[in-house]
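Going by this note's numbering, the first residue of the sequence shown is number 158, and it counts up by one from there.
Written out below as structure tokens is the structure these notes cover.
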Amino acid sequence: MAHLGALPKIHRYITAHNDEGKAVFSKAFSEESKMKANADGIAFALSFTTKGFPVDMNEDKDLDLYGDYLKNPPGLVVAGGTVLRHVDIPPDTACTMHRTVSLDYGCVLEGEVECLLDSGEKRLMKKGDVAVQRGTMHQWINHSKTEWTRMLFVLQESEPLKLAGATVGEELAGMAGVRPSD
Numbered sequence: 158m159a160h161l162g163a164l165p166k167i168h169r170y171i172t173a174h175n176d177e178g179k180a181v182f183s184k185a186f187s188e189e190s191k192m193k194a195n196a197d198g199i200a201f202a203l204s205f206t207t208k209g210f211p212v213d214m215n216e217d218k219d220l221d222l223y224g225d226y227l228k229n230p231p232g233l234v235v236a237g238g239t240v241l242r243h244v245d246i247p248p249d250t251a252c253t254m255h256r257t258v259s260l261d262y263g264c265v266l267e268g269e270v271e272c273l274l275d276s277g278e279k280r281l282m283k284k285g286d287v288a289v290q291r292g293t294m295h296q297w298i299n300h301s302k303t304e305w306t307r308m309l310f311v312l313q314e315s316e317p318l319k320l321a322g323a324t325v326g327e328e329l330a331g332m333a334g335v336r337p338s339d
């Protein structure tokens, strides 16, 4: 199942300031966000990360932090920060049912994907649709036999959820290539 060329390359343009205080495009990183396929064929790109609120952009501290995360990638969520991630889902592929302890915005950029919840409820999401995941158990399913799906996610850590009298945590169910969040 070839991924190379199935979807366009992702270009991520990070802005900065020059010595005169004028806006410029940063040269700190390649403008191409590289996709890395996991064992299940689902590919991830860590397109940006932050840590702390408000974000400290003085002396490019946020860029330095992102560079550190590129060398040592975080789990799905960064404690006290945000994650911007692109995800490509191959045709006829589903990720495992999982939960993050985060507020996630998931937007379909290419193709279609089903968002299945552990209650059995589901929605077919099309290009431009957005899911707001609030710590729920969910699964992404690409039912197409030929077309890839690309999604853009922004994740922000949340307080632990209390559901039915119990506190729930991150549940990754052995997602391929994904380590637990710190």
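C-beta atoms are modelled at their ideal positions from N, C-alpha and C, and glycine is treated no differently.
Remember, predicted model here, so these are calculated numbers, not experimental data.
Exercise for the section: Figure out for me which residue from G326, P247 and R280 has the closest Cα to the Cα of G292. Expected result: G326
Exercise for the section: Please work out which residues of its chain come closer than 6 Å, Cβ to Cβ, to R280, disregarding the five sequence neighbours upstream and downstream, and give them in chain order. Expected result: C272
Handout entry: For L220, three-class secondary structure by DSSP
Key = helix
Exercise for the section: Tell me whether L227 sits in a helix, a strand or coil according to DSSP, three-state version. Expected result: helix
Practice task
Pick helix, strand or coil for N195, following the three-state DSSP scheme.
Solution key: coil
Practice task
Determine the burial state of A200: buried for a count of at least 16 other Cβ atoms within 10 Å of its Cβ, exposed for fewer.
Solution key: buried
Exercise for the section: Look at the alpha carbon of R336 and the alpha carbon of A330, and state the distance between them as a whole number of angstroms. Expected result: 11 Å
Handout entry: Sub-8 Å separation of G238 and T207 beta-carbons
Key = yes
Exercise for the section: Look at the alpha carbon of D197 and the alpha carbon of M308, and state the distance between them as a whole number of angstroms. Expected result: 16 Å
Handout entry: Whole-angstrom C-beta distance between L241 and V289, which should lie under 8 Å
Key = In fact, because the Cβ distance is near 16 Å, the residues do not count as touching under 8 Å.
Practice task
List the endpoints of the continuous beta strand (DSSP E) containing C252.
Solution key: C252 -> no beta strand (DSSP E), and no H or E assigned at all.
Exercise for the section: Using only alpha-carbon positions, find the residue among S183, L266 and K218 that is nearest to V244. Expected result: L266
Problem - Q296 beta carbon less than 8 Å from that of M254 - result: Closer than 8 Å, so yes.
Practice task
Return the Cβ separation of L260 and S338 in integer angstroms, given the expectation that the two are a contact with Cβ distance under 8 Å.
Solution key: Contact flag wrong, Cβ pair sits at about 13 Å.
Problem - Beta-carbon proximity list for K166, same chain, < 7 Å, skipping 5 on both sides - result: E189
Problem - Closest by C-alpha distance to M109, when choosing among C252, K218 and F182 - result: Look at the range of the chain in this structure, 158 to 339, and you will see that residue 109 is not part of it.
Handout entry: Proximity to S276 [Cα-Cα], best of D286, G263, V270 and M294
Key = The residue with the shortest Cα to Cα distance from S276 is M294.
Problem - Buried or exposed by the 16-neighbour rule on C-beta atoms within 10 Å, applied to N195 - result: exposed
Exercise for the section: Would you mind reading off the limits of the beta strand (DSSP E) that contains I171? Expected result: No beta strand (DSSP E) contains I171, which DSSP labels as neither H nor E.
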